[in-house]
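Before any comments, here is the structure.
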Amino acid sequence: MQHHTVLKVAAKLLLPFILLFALYVQFHGDFGPGGGFQAGVIFGAGIILYALVFGTGHARAVVPPGAVRAAAALGVLLYTGVGVASLLLGANFLDYGILAADPVAGQHLGILLVELGVGLTVTAVMILLFYAFAGVEGAETDRAVANRDGAERAAAERAVADRGGASRAGPDWTSTS
Amino acid sequence: MSTLQAQLPALQIVVPLLAAPLCSLLRRPALAWGLAAAVSGASFAVAAALAVAVSDGSEIAYLLGGWAAPWGIEYRIDALNALVLVIVTGASTVTLVHARLSVAREVRRERIGLFYTAWLLCLTGMLGMAITGDAFNVFVFLEISSLATYTLVALGPGREALLAAFRYLVLGSIGATFFLIGVGLLYMMTGTLNMADLAGRLGGVAHTRTVTAGIVFVILGLGLKAAVFPLHAWLPAAYACAPSSAASFLAGTATKVSVYVLARFLFDVFGVDLSFGRLDPGTFLVLLAIAGIVAGSAVAVFQDHVKRLLAWSSIAQIGYMVLGLGLGTAAGATASILHLFNHALMKVALFLAVGNLVYRTGSAALASLAGVGRNMPWTMGAFLMAAMSLVGVPLTAGFVSKWYLLRAALEEGLWPIAIVILISSLLAAIYLWRVIGVAFFERAGPDTVQAHAAEAPWTMVAPVVALAAANVWFGVETSFSTGFAALAGAALAGGGP
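Laid out in structure tokens, this is it:
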């Protein structure tokens, strides 16, 4: 992806909007279509786009796998924590009505926090899945890059040589016509 | 205290669910193990409290999020699932005591935290399947427990664990999908997912082909998850390749929870009239169960790997449970539920004993067990006790459940089943004797590992010995197990959850 300037520029332009749209879907989810799951997928897709265009090494620097793992656990903890909070306040598990003085406000607060937990975990798991498939942690070392570049150069030279050879050894179509 | 009592159904699920993500954050194996063991013990206490509360035949209903029953998700506990909750949490706690050293030896250090996370999620899923009164919620918890189980199997030593986990994943997903399709079809005709509500509304539309298809899908899906013969192909490799502790835990619980859900659907949701009258999947299940009992025992005789041998024996034992359900009577259901409990006692003991052997000799191959009976007397003594229970020697738990099953079959005039049980018990004696014979009566070569194997550490021996003792205890003093099973069996066959 070293030479794809158009891709890089386009990705850079799009990224803030993707992430912002994810947050909109997240926090507007209780008034319109959306919610934690969809928002999490969109946010995760934004990070994955960055990783695809700029390399997983850069992505790992911005979004470290350790932090992602913690975020995945934190989301579930937030969800369950809201349930436990309503339990401790004397209502049934996940009965948000009790979280505020007004039951409607309580429901609102509860679903907002629960969806935040969902969004956090879905984002984190999307990114973790991508990292898992995109290779072992730290596999993209300098030597690996050097080897890869070397191999690419060699392949390019071979291709040029082959093309030259083919044109020499191939039949001369122009003369037969 | 009364509020705590009222919140027990939620705590049963919430405590392990909350602990699982915490466990994944713990870097040190000892901490992860400690958290898992403490949580499992607490879950057992909750399950025991619930069992005490429903032991008079009453039911507990818990509305999740405070939403009323047919719309919201309802947890419903009666004698049947209270017993399942006790089995699952009990098996988890006992195996976790054993797991600390065993897992440290068999799982890579940096993955131990994840191993216990998967364990807790698996526990959450199975408890959820047992406790919920909502058909779709069963599917959700089924997937939680299944995905965690695939992870547990895949963390086993050796590359074949990955293949076993993958095969289990493919078949398990098919099973879960079939179950979901079935629930979807039932929902299509009734417009409800609550089990009690479903049972009430199914009668009016029972003649439709959609409901017939739904019932078939549900039974097939659950049959696959419960490893009912001939849908058992995933089980032997999964149990043989998983880490010893995970194999013990799963052997004692995973298929049993599916058998429980099958019982719940056959008796309560579809109802006795539908399950054993018009459509009669019951007879079909009886035939499959008999085939499974004979085939499972017969294949076990030819296994050279003790874990694999025990896994095949499990397929036969699941046959006993399904056989009892298939009879469709209160006595049959009682026998099936009783065997659910008793089989957990013996299979967990046997698998844990094998875990001790693997800990000391590094292998569960039959050939590598020569002479270990002399060097590891407690482990192999407990193995012998549990094996006698599996065969059905009088004064052991296995005898009690076989006796109840026999009585239930004879009550229906099905005397050939008596012959099947006899043949299967003989085969069980043969395959278990192969292990015992090698362990006690063959001598190890002077330079082999097993010749110098010492008894396993006491934290690994104590759970095995305790379970072996429990096999005798519940073979003599049966008031708890048969009492609960009879209560649950009568409630099932009486109709209505």
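Chains as they are written, first to last, in the numbering used here: chain E, 15 to 191; chain D, 13 to 509. By construction, the Cβ of each residue, glycine as well, lies at the ideal position given by its N, Cα and C atoms. Values in this document were obtained by computation on a predicted structure and should not be read as measured data.
Suppose the cutoff is 7 angstroms on Cβ atoms and the five residues either side in sequence are ignored; what does the same chain contact list for residue i look like?
i: D:Thr-163; result: Ala-130
i: D:Gly-84; result: Leu-75, Leu-76 and Gly-77
i: E:Ala-153; result: Residue confidence is low: E:Ala-153 scores 49 on pLDDT, short of 50, so the model does not pin down where it sits. No coordinate-derived value is stated.
i: D:Asn-206; result: Ala-81, Pro-82, Glu-86, Gly-145 and Asp-146
i: D:Glu-454; result: Ala-382 and Gly-383
i: D:Ile-224; result: Strictly speaking, residue 224 of chain D in this sequence is Thr, with Ile absent from that position. Excluding residues within five positions, the ones whose Cβ falls inside 7 angstroms are Leu-291.
i: E:Ile-56; result: Ile-32, Phe-35, Ala-36 and Val-39
Between residue i and residue j, what straight-line distance do the alpha-carbon atoms span, to the nearest angstrom?
i: D:Ala-239; j: E:Ala-36; result: 43 angstroms
i: D:Ala-42; j: D:Ile-124; result: 9 angstroms
i: D:Ala-478; j: D:Leu-504; result: 31 angstroms
i: D:Val-510; j: D:Tyr-87; result: Residue coverage of chain D in this structure runs from 13 to 509, which leaves residue 510 of chain D outside it and unanswerable.
i: E:Gly-46; j: E:His-122; result: 14 angstroms
i: D:Leu-299; j: D:Ile-429; result: 10 angstroms
i: D:Thr-295; j: D:Ile-231; result: 13 angstroms
i: D:Asn-93; j: D:Ala-463; result: 45 angstroms
i: E:Leu-101; j: D:Gln-19; result: 8 angstroms
i: E:Leu-66; j: D:Ala-252; result: 40 angstroms
i: D:Ala-218; j: D:Leu-278; result: 14 angstroms
i: D:Ala-370; j: D:Leu-262; result: Residue identity check: residue 370 of chain D is Val in the sequence provided, not Ala. Cα to Cα, the separation comes out at about 17 angstroms.
i: D:Ala-275; j: D:Leu-337; result: 7 angstroms
i: D:Ser-325; j: D:Val-447; result: 13 angstroms
i: D:Pro-475; j: D:Gly-308; result: 27 angstroms
i: E:Tyr-209; j: D:Cys-134; result: Absent from the structure is residue 209 of chain E, since the part of chain E shown begins at 15 and ends at 191.
i: D:Leu-322; j: D:Leu-159; result: 23 angstroms
i: D:Met-397; j: E:Val-77; result: 55 angstroms
i: D:Lys-414; j: D:Ala-394; result: 21 angstroms
i: D:Gly-46; j: D:Ile-25; result: 19 angstroms
i: D:Leu-192; j: D:Phe-148; result: 8 angstroms
i: D:Gly-168; j: D:Ala-254; result: 4 angstroms
i: D:Ile-227; j: D:Ala-399; result: 37 angstroms
i: D:Ala-441; j: E:Gly-89; result: 51 angstroms
State the DSSP-derived secondary structure class of residue i, mapped to helix, strand or coil.
i: D:Arg-88; result: strand
i: D:Ala-73; result: strand
i: D:Asp-292; result: coil
i: D:Asp-459; result: coil
i: D:His-317; result: strand
i: D:Thr-144; result: strand
i: D:Ser-67; result: coil
i: D:Phe-7; result: Nothing about residue 7 of chain D can be read from this structure; chain D reaches only from 13 to 509.
i: D:Glu-122; result: helix
i: D:Leu-38; result: coil
i: D:Val-240; result: coil
i: E:Phe-41; result: helix
i: D:Glu-467; result: coil
i: D:His-110; result: helix
i: D:Glu-155; result: helix
i: E:Pro-47; result: coil
i: D:Thr-220; result: coil
i: E:Gly-149; result: coil
i: D:Ala-80; result: coil
Leaving out the 5 sequence neighbours to the left and right, which residues in its chain are closer than 8 angstroms to residue i when beta-carbon positions are compared?
i: D:Val-412; result: Leu-350, Asn-354, Phe-486, Gly-487, Thr-490, Ser-493 and Thr-494
i: D:Val-269; result: Val-96, Val-100, Met-138, Met-141, Ala-142 and Ser-157
i: D:Val-373; result: Rather than Val, the amino acid found at residue 373 of chain D in this sequence is Thr. The residues are Ser-380, Leu-381, Val-384, Val-461, Gln-462 and Ala-465.
i: E:Leu-63; result: Ala-25, Leu-28, Leu-29 and Ile-32
i: D:Val-318; result: Val-366, Leu-369, Ala-376, Ala-377, Leu-378, Leu-381 and Val-447
Could you give the C-beta distance for residue i and residue j, rounded to a whole number, given that I count them as a contact under 8 angstroms?
i: E:Ala-119; j: E:Ile-112; result: The pair is not a contact, with the Cβ atoms about 11 angstroms apart (cut-off 8 angstroms).
i: D:Ser-401; j: D:Met-358; result: 4 angstroms
i: D:Val-195; j: D:Phe-153; result: That pair is no contact at about 13 angstroms.
i: E:Ala-85; j: E:Leu-130; result: With a Cβ gap of about 11 angstroms, E:Ala-85 and E:Leu-130 do not count as contacting.
i: D:Tyr-272; j: D:Leu-352; result: 7 angstroms
i: D:Leu-243; j: D:Leu-236; result: 4 angstroms
i: D:Ser-114; j: D:Ser-52; result: D:Ser-114 to D:Ser-52, Cβ: 15 angstroms. No contact.
i: D:Val-403; j: D:Ser-437; result: 6 angstroms
i: D:Gly-233; j: D:Phe-190; result: 3 angstroms
Taking only beta-carbon atoms, is residue i less than 8 angstroms away from chain B?
i: D:Thr-204; result: Absent here is chain B; the protein component of the structure consists of chains E and D.
What does a CB cutoff of less than 6 angstroms around residue i pick up in its chain, not counting 5 residues either side in sequence?
i: E:Ala-138; result: Val-82, Ala-85 and Ala-86
i: D:Ala-502; result: Ala-342
i: D:Gly-264; result: Ala-103, Ala-356, Lys-359 and Val-360
i: D:Ala-177; result: Tyr-162, Val-165 and Ala-166
Which parts of the stretch 168-215 of chain D are runs of the alpha helix (DSSP H), unbroken and 4 residues or longer, counting only runs that do not cross its ends? 172-202 and 207-214
Where in the stretch 49-125 of chain E do unbroken runs of the alpha helix (DSSP H), each at least 4 residues long, occur, reported from the N-terminal end onward? 50-68, 70-76 and 79-102
Please give me, in chain order, every unbroken run of the beta strand (DSSP E) with length at least 3 that falls completely inside the stretch 375-444 of chain D. none
What are the uninterrupted segments assigned as alpha helix (DSSP H) that are 4 or more residues long and contained completely in the stretch 242-307 of chain D, given in chain order? 247-253 and 256-275
Curious, which full-length alpha helix (DSSP H) runs of at least 4 residues does the stretch 310-364 of chain D contain? 318-339
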